[in-house]
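The block underneath contains the structure these notes are about, expressed in structure tokens.
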Amino acid sequence: MKKIISVYQKKIALRLREISLSWDRCHQLKHSINYTLLNCGKLIRSVIILLGLDDLEMDSNQYIDVACAIEMIQSYTLIHDDLPEMDNATMRRDKIANHLIYGHSIALLAGDALLTDTFLALSNLKISDHQKVALIHLFAQKAGTSGVCFGQTLDMINQTNGFDDWSEIEDMIKYKTCALFELSFQTIGLLALLNDEKLSKLAELGYLYGMAFQIQDDLNDDNLVDDINLIHKTNYHQIFGKEKALEKIDQILSQIEKLCIIIFGEKNKIFAYLKSTFK
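Counted from 1, the sequence shown has number 250 at position 217 by the numbering used here; the numbering is strictly sequential.
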């Protein structure tokens, strides 16, 4: 599995570098964009797309640009989230935050450019017009007021005041974290022309994985409680305890496994990959 994932990651990283060549004339902006975009991390969202397509016996190599588009939109969110007006973060993926290297204005424009060029990449896909419109609609939906932007708004409220109960936190995670995972899984369905029932299950799969991912991420960040940005934030394990949080992740993984079998078949590889991201 590690070898398969490594191949996907290298393909995506290579194509992102190729895409970045189109920004050569925007010298300073290009450096800011690439500083975040090419510091790839695990590429979980884009790997999900390629692995899911392969599980459905489709040629994932034809859809590398779709995988890159989701990484572009993810990188935009990271650059903007780190700004002083948002999370005021100083580090991202073991590197100094983008705005502290290139300045707030260039970082803001880099995020804007990535979001906009996401749709340029989608518009150039060699797929049917129907699929293209559906993908553009889905990407816009998950990035805007029905997705990440709304989720970040809720996160800022939580950062300032701290939420009182789990339902408020769950709502925040649904829009801020789950939205892009739902995007990954639903993209698979749109490209594979799956029926509405399976598209709905793919959305559920993205929601469940995003929820477990965030609960685990908050557990991993527990040693950062002295960070000023985390003082007021409330999360699952603060309300229910770490043991319950781990139980919740296991419970969600069980649901995810069942959905993966329904959508991708008994011999799917995608569940093993999803499960491995919690180790």
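For every residue, glycine included, the Cβ atom is placed at its ideal position computed from N, Cα and C.
Fair warning: this is a prediction, and the values are worked out from it, not measured in the lab.
Asked	Found
Runs of alpha helix (DSSP H) lying entirely within the region 60-102, each at least 4 residues, in chain order	60-70, 77-88
Reduced DSSP category for Arg126 - H, G, I as helix; E, B as strand; rest coil	coil
Own chain, CB closer than 6 angstroms to Phe297, minus 5 neighbours either side, in chain order	Asp88, Ile303
Delimiting residues of the alpha helix (DSSP H) encompassing Met205	199-209
Distance CB(Ala154)-CB(Asp204) smaller than 8 angstroms	no
Cβ pair Lys308, Leu286 closer than 8 angstroms	yes
Inter-residue CB distance, Leu241 and Lys209 (contact presumed, cutoff 8 angstroms)	About 15 angstroms; that fails the 8 angstroms criterion.
CB-CB length for Ser53 against Leu71, believed under 8 angstroms	7 angstroms
Presumed contact (8 angstroms Cβ cut-off) between Leu104 and Leu76, rounded CB distance	The sequence as given places Glu at residue 104; Leu does not occur at that position. Contact holds; Cβ gap of about 6 angstroms.
At least 3 beta-carbon pairs within less than 8 angstroms: the region 213-230 vs the region 163-171	yes
The region 142-157 / the region 105-112 touching (three or more Cβ pairs under 8 angstroms)	yes
Extent of the continuous alpha helix (DSSP H) run through Asn253	229-253
Span separating the alpha-carbon of Asn268 from that of Gln174	25 angstroms
Asp120, enclosing alpha helix (DSSP H) - first and last residue	Note, Asp120: premise wrong, no alpha helix (DSSP H); not H, not E.
beta-carbon Lys234 near the ligand GTP non-hydrogen atom, thresh 7 angstroms	The ligand GTP is not part of this structure, which contains no ligands at all.
Alpha-carbon to alpha-carbon, Ala236 and Cys211	9 angstroms
Member of Ile81, Ala46, Lys44, Trp199 whose CA lies at the smallest distance from the CA of Ala305	Ile81
Proximity below 8 angstroms, CB of Leu292 to CB of Leu238	yes
DSSP state of Ile160 mapped onto helix, strand, coil	coil
Minimum C-alpha distance to Gly177 - residue among Thr149, Lys128, Phe196, Ile202	Thr149
8 angstroms CB neighbourhood of Leu62 in its chain, flanking five on each side removed	Trp56, Ile139, Leu142, Ala143, Ala146
Limits of the unbroken alpha helix (DSSP H) element including Lys35	35-53
Local Cβ density within 10 Å of His163, reported as buried at 16 or more and exposed below that	exposed
C-alpha gap between Ile282 and Leu226, whole angstroms	30 angstroms
Where Ala225 falls: helix, strand or coil (DSSP)	coil
Gln185 and Asp115 closer than 8 angstroms at C-beta	no
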